[in-house]
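Residue numbering for the sequence shown follows the numbering used here, beginning at 152 and increasing consecutively.
Single-structure report; data block below.
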Amino acid sequence: MATSGTWNFNPSLGEITLYAYNLIGLRNTSLLQEHLEAARMAANMLCSNWSNRGVNLWAVDLVTEPLVAGQATYDVELNTVTMLDAYMVIDNGNGQPIDRIILPVSRTEYASYPNKETQGFTTTFWFDRLISPNPTVTLWPVPDGTSAQYLKYYRVRQLQDANLSNGTQVEIPYLWMEAFAYNLATRLAIIWAPDKVQLLKPMADEAYNIAAEQNVETAAQYISPQISGYYRP
């Protein structure tokens with residue numbers, strides 16, 4: 152059997168846009184500048200929607216924040232969607248740092264703490280989703296400078312901007328390309344071919360659900376007490 156022997160398929164947003172327009176019945180030669188502008192906006196709105204739907208594993212990274220004694224609140228990057236697991240790093244200088252997980256609390260629970268300036272080993276964090284100037288994470292008890300030296304946390308960040316210029320690709324993995332193309336086509340059909348929406352929407356939903364089934368960690372699940380707080384959303 153003769154096969155390509157390559158795994159390089161990763162079309163640009165421009166190529167996906169042409170395919171999406173083909174799906175709604177528009178030929179490449181019929182496209183105008185306004186079609187491309189609509190596609191750029193639709194692609195970025197789609198990325199925003201996917202960032203809202205859950206944890207995109209390819210958009211998770213680990214942040215290390217040096218701690219300052221007596222400082223409770225630290226800036227979080229503006230492109231952070233949410234914080235996941237967080238832990239304190241205790242470095243005793245012996246080359247074997249120890250990590251201890253800390254738990255999230257809500258604004259209501261943090262507000263209930265009678266002494267927010269108490270210093271010691273941090274056990275909880277509150278993620279405040281501000282947009283100006285930055286989101287923040289507040290630790291309690293406040294780091295005392297000796298118990299731990301670093302806060303580390305996994306965060307979900309926004310997907311990168313989708314641009315049509317210079318053959319730029321969309322920040323999605325191979326397994327999500329069909330879902331992106333069909334969902335982009337559905338959004339464009341709303342504008343340019345409303346009669347195609349009813350046909351494309353089920354296909355877009357199916358493609359998304361298939362991709363989402365693979366967007367999980369393949370580890371056994373265990374139910375443990377005290378792994379997260381109970382609070383009002």
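Positions of the beta carbon are idealized from the N, C-alpha and C atoms, including for glycine.
{"Asked": "Checking 9 Å against the spacing of the C-beta atoms, do D226 and Y238 come in under that value?", "Found": "no"}
{"Asked": "Return the chain-ordered ranges of every alpha helix (DSSP H) run that is complete within the segment 184 to 230 and spans a minimum of 4 residues.", "Found": "184 to 204"}
{"Asked": "Determine, using beta-carbon pairs with one atom in the segment 287 to 303 and one in the segment 214 to 226, whether at least three such pairs fall under 8 Å.", "Found": "yes"}
{"Asked": "Which runs of the beta strand (DSSP E) at least 3 residues long sit entirely within the segment 270 to 310? Give them in chain order.", "Found": "275 to 279, 287 to 291 and 301 to 308"}
{"Asked": "Let's test the definition: count the other Cβ atoms within 10 Å of the Cβ of L208 and tell me whether it reaches 16, buried, or not, exposed.", "Found": "exposed"}
{"Asked": "Check whether the segment 269 to 279 and the segment 195 to 204 are in contact - that is, three or more C-beta pairs closer than 8 Å.", "Found": "no"}
{"Asked": "Would you call the CB atoms of K352 and T369 closer than 9 Å?", "Found": "no"}
{"Asked": "Starting from the Cα of D356, find the closest Cα among F331, V307 and D242 and give me that residue.", "Found": "F331"}
{"Asked": "For the beta strand (DSSP E) containing I249, list its first residue and its last residue.", "Found": "I249 to P255"}
{"Asked": "What do you reckon, are the CB atoms on A194 and A313 nearer than 9 Å?", "Found": "yes"}
{"Asked": "Taking Cβ to Cβ, would you say Q98 is nearer than 9 Å to T231?", "Found": "The question about residue 98 has no answer, for the chain in this structure spans 152 to 384."}
{"Asked": "Just curious, the alpha helix (DSSP H) that Y359 is in, first and last residue?", "Found": "V348 to Q365"}
{"Asked": "Rounding to the nearest angstrom, what Cα-Cα distance links E322 and V288 in this structure?", "Found": "27 Å"}
{"Asked": "Give me the Cβ distance between L164 and T319, rounded to the nearest whole Å; I'm assuming they're in contact under 8 Å.", "Found": "6 Å"}
{"Asked": "Taking 9 Å as the threshold (C-beta atoms), are G156 and K347 in contact?", "Found": "no"}
{"Asked": "For the candidate residues T297, I361, L229 and V256, whose alpha-carbon lies nearest to that of Q270?", "Found": "T297"}
{"Asked": "Tell me which residue opens and which closes the alpha helix (DSSP H) that P178 is part of.", "Found": "The residue asked about is misnamed: residue 178 is Arg in this sequence, not Pro. Element bounds for R178: n/a, residue is neither H nor E."}
{"Asked": "For the alpha helix (DSSP H) that M328 lies in, which residues bound it at each end?", "Found": "M328 to W343"}
{"Asked": "What are the boundary residues of the alpha helix (DSSP H) that includes E260?", "Found": "R258 to A262"}
{"Asked": "To the nearest angstrom, how far is the alpha carbon of A190 from that of A171?", "Found": "9 Å"}
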